[in-house]
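Protein chains in written order, with our numbering: chain A, 515 to 574; chain B, 876 to 1339.
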């Protein structure tokens, strides 16, 4: 991932301090995130629901 | 009586009832062993010996007077240091929470006290149950009793090391991507990730709300069932808790596996993440043992391990970011490097990534549920390799993700890992059994049959 883009995304997430003190860790994290996202076969069926489902009146 | 430290909890309770042993005698023996071995193993972050001895004396008086509080009365237990014990710090093995004293017991601790267990202290973990093994934290990492140069697995590292070394007969761990079953595998003990919702998470520091489980870690399957009986139960204040009639988890331990249908997820260790040959041999042998005991074993197919892992990581990182973002923004230097690197990816996940992973998760759940129409239990590998040297960061980083545990955090099915062999290097290798939702009793039944059919649970680490 482009380092400038990583820096922009990190700042947008409020990670200015982490970016200044641990730039390598931020870069590693960004690469990991990208790798994990790319590993998911996201459903193509528009009606595929997420888990856990909303269940009114249960769980509390 | 010379080896009290190897007594199982079940045996100890029987001996307490028969007045052949007292809780004070047992605790005294364990404290002496902890004093001798823990400086090498670092299982404990905080040993609470005085409170434990007070509790043991009280248990001794009560049992002598015929007042047995519960099925674990007088049994010492270790607690992973992300679980609140009133009056003790819950540090999560982190500088971030080093002074965080718990105001109240977690629900699982309250249940343990109700059962009569003695809380012995707080145990090492990977930082926040994700960043380890690390040497840049306020406490050293736990080490493997089979060889202290090796990693005991994580993140419930102290729980695994301490149970394995005979420092205590049982411990609580937590499991978000395999963290009960990894140390169980690396240390050669029994670790169960119960069905999601069976055991309350209230008072346990969260890593990932929809993946977190609390689970029992013991040296035998019977003890595992005993501990699960004590901690399971509906908690109306835990939104993930389920009101279920599932209980008496040890009721089928003697039934064997005759006529049970076992689905063997062979592609996990053959194709998806090809296992070390000694792990492959152990898992294949486990299939033969179950067949010899009368089970029907057939190959089955699930989505690939790599995809299960990716779904797990997107969900875990997204949920963990929502917890840790304030500290990662303001105190990034107070995390160890591994935790920082493993928690920061959440900053780069989008809402779409998270919801997309949760949608794929439902499909994965459906795939596992489909198998359980035709099978009673699944068999697969747990770790694909024996443990790595704890100071070999590259090897730990290579082997740590090579595992088949995360699928069942994604799906929430009960999954148990236990010892299935010893490598040529003298380190445990393991196998995993998985069951239907809230049918943890059948998982334990199969594990008990496997335990009876093998001798692995009788092996002891050469630590003295």
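Virtual Cβ for every residue (Gly too), placed ideally from N, Cα, C.
According to DSSP, which residues form a beta bridge with residue 1305 (chain B)?
-> Here residue 1305 (chain B) is taken as the residue at index 430 of the second chain, counted from 1. The partner list for residue 1305 (chain B) (beta bridge, DSSP) reads B:1294.
Would you give the residue range spanned by the beta strand (DSSP E) that residue 1049 (chain B) belongs to?
-> On the second chain, position 174 is the one that residue 1049 (chain B) refers to. First-last of the beta strand (DSSP E) with residue 1049 (chain B): 1045-1050.
Between the region 519-546 of chain A and chain B, which residues of the former have CB atoms less than 7 Å from a CB of the latter, in chain order?
-> 523, 524, 527, 528, 529, 531, 532, 535, 536, 539, 540, 542, 543, 544, 546
Residue 1325 (chain B) in three-state terms, based on DSSP = Residue numbering aside, residue 1325 (chain B) sits at position 450 when the second chain is read from its first letter. Reduced to three states, the DSSP call for residue 1325 (chain B) is helix.
Contact set for residue 1381 (chain B): own chain, Cβ-Cβ below 7 Å, skip 5 residues either direction = Outside the shown range of chain B, which is 876 to 1339, sits residue 1381 (chain B), and nothing can be said about it.
Assign residue 1109 (chain B) to one of two classes, buried (16 or more other C-beta atoms within 10 Å of its C-beta) or exposed (fewer than that).
-> For the purposes of this step, residue 1109 (chain B) is taken as the residue at position 234 of the second chain. Classification of residue 1109 (chain B): exposed, given that the 10 Å Cβ count is below 16.
Sequence-distant residues of the same chain with beta carbon closer than 7 Å to residue 540 (chain A), five excluded per side = By 1-based counting over the first chain, the position of residue 540 (chain A) is 26. Correct list, in chain order: 520, 524, 529, 532, 533.
For the region 997-1050 of chain B, which segments carrying the alpha helix (DSSP H) assignment without a break, of at least 4 residues, lie completely within its bounds, in sequence order?
-> 1032-1039
Closer than 8 Å to chain A by CB, residue 876 (chain B) | In the second chain, residue 876 (chain B) corresponds to position 1, counting from 1. Any reading at residue 876 (chain B) must be qualified, since the residue scores a pLDDT of 44, below 50, and its modelled position is unreliable; the value itself is stated next. It does not: the Cβ of residue 876 (chain B) has no partner Cβ on chain A nearer than 8 Å.
Got a sec: which bits of the region 1264-1276 of chain B sit with their beta carbon under 9 Å from any beta carbon on chain A, in order along the chain?
-> none
Can you tell me which of B:878, B:936, B:914, B:917 puts its alpha carbon nearest to the alpha carbon of residue 894 (chain B)?
-> Position 19 of the second chain, counted from the start, is the residue given in the question as residue 894 (chain B). Nearest C-alpha to residue 894 (chain B): B:936.
So is residue 553 (chain A) in contact with chain B if we call contact Cβ pairs under 8 Å?
-> Here residue 553 (chain A) is taken as the residue at index 39 of the first chain, counted from 1. Residue 553 (chain A) counts as touching chain B.
Coil, strand or helix - residue 876 (chain B) by DSSP = Position 1 of the second chain holds residue 876 (chain B). Confidence at residue 876 (chain B) is low in this model, with a pLDDT of 44, below 50, so its placement is unreliable and no value can be given for it.
What residues from the region 555-567 of chain A come within 7 Å of chain B, judged by C-beta to C-beta, listed N to C?
-> 555, 556, 557, 562, 563, 564, 565, 566
So does the region 1176-1192 of chain B actually touch the region 548-562 of chain A, counting three or more Cβ pairs closer than 8 Å?
-> yes
Within chain A, the residues that residue 1231 (chain B) reaches when beta carbons sit closer than 8 Å = Taking the first residue of the second chain as 1, we reach residue 1231 (chain B) at position 356. Within 8 Å Cβ-Cβ: 554, 556, 557.
Kindly list, in the order they appear in chain A, the residues whose Cβ is closer than 7 Å to that of residue 1188 (chain B).
-> Numbered from its first residue, the second chain carries residue 1188 (chain B) at position 313. Going along chain A in sequence order, the residues near residue 1188 (chain B) (Cβ under 7 Å) are 550.
Hey, is residue 1317 (chain B)'s beta-carbon within less than 8 Å of any beta-carbon in chain A?
-> Counting from 1 along the second chain, the entry for residue 1317 (chain B) is found at position 442. Cβ-Cβ to chain A under 8 Å: no for residue 1317 (chain B).
For residue 1225 (chain B), does the count of other Cβ atoms within 10 angstroms reach 16, so buried, or fall short, so exposed?
-> In the second chain, the residue the question calls residue 1225 (chain B) occupies position 350. Its Cβ having fewer than 16 others within 10 Å, residue 1225 (chain B) is exposed.
Just list the alpha helix (DSSP H) runs in the region 1259-1290 of chain B, keeping only unbroken ones of 4 residues or longer that don't cross its boundaries, in chain order.
-> 1268-1274, 1282-1286
Cα separation between residue 890 (chain B) and residue 987 (chain B)?
-> The count along the second chain starts at 1 and reaches residue 890 (chain B) at position 15. The count along the second chain starts at 1 and reaches residue 987 (chain B) at position 112. Their Cα atoms are separated by approximately 20 Å.
Uninterrupted beta strand (DSSP E) stretches inside the region 1187-1262 of chain B (no shorter than 3 residues) | 1252-1255
For residue 1288 (chain B), which option in B:1313, B:944, B:1012 has the closest C-alpha, if you only look at C-alpha atoms?
-> Position 413 of the second chain holds residue 1288 (chain B). The option with the nearest alpha carbon to residue 1288 (chain B) is B:1313.
Say the cut is 7 Å; is the CB of residue 1018 (chain B) nearer than that to a heavy atom of the ligand SAM?
-> As far as ligands go, the structure on display features none, and thus does not contain the ligand SAM.
Can you list, in chain order, the residues of its chain whose CB lies under 7 Å from that of residue 1148 (chain B), leaving out five sequence neighbours each side?
-> As a working note, residue 1148 (chain B) is residue 273 in the second chain. Here the set comprises 1180, 1259, 1277.
Can you find a CB in chain A that lies within less than 8 Å of the CB of residue 1208 (chain B)?
-> Working through the second chain from its first residue, we reach residue 1208 (chain B) at position 333. Chain A, which has a Cβ nearer than 8 Å to the Cβ of residue 1208 (chain B), makes this yes.
Do the region 1124-1137 of chain B and the region 1145-1160 of chain B make contact, defined as three or more Cβ pairs closer than 8 Å?
-> no
What is the rounded straight-line gap between the Cα of residue 858 (chain B) and the Cα of residue 1106 (chain B)?
-> Here chain B has residues from 876 to 1339 only, and residue 858 (chain B) is not among them.
Just how far apart, CA to CA, sit residue 1223 (chain B) and residue 543 (chain A)?
-> Locating residue 1223 (chain B) in the second chain gives position 348, counting from the first residue. Locating residue 543 (chain A) in the first chain gives position 29, counting from the first residue. Spanning the two alpha carbons is a distance of roughly 8 Å.
Quick check: the region 1328-1339 of chain B against the region 1018-1030 of chain B, are there 3 or more CB pairs under 8 Å?
-> yes
Closest Cα partner of residue 994 (chain B) within the set B:1062, B:1284, B:923 = One-based indexing of the second chain puts residue 994 (chain B) at position 119. Residue B:923 is the option with its Cα nearest to residue 994 (chain B).
Report yes or no: is there a C-beta of chain D within less than 8 Å of the C-beta of residue 1009 (chain B)?
-> Included in the structure are the protein chains A and B, with no chain D among them.
Determine contact between the region 1266-1286 of chain B and the region 1049-1066 of chain B, defined as no fewer than three beta-carbon pairs at a distance below 8 Å.
-> yes
Min CB distance residue 954 (chain B) to chain A below 8 Å | Taking the second chain and counting its residues from 1, one reaches residue 954 (chain B) at position 79. Chain A, which has no Cβ nearer than 8 Å to the Cβ of residue 954 (chain B), makes this no.
Does the beta carbon of residue 1185 (chain B) come closer than 8 Å to any beta carbon on chain A?
-> The residue labelled residue 1185 (chain B) in the question sits at position 310 within the second chain. Yes - at least one Cβ of chain A is within 8 Å of the one on residue 1185 (chain B).
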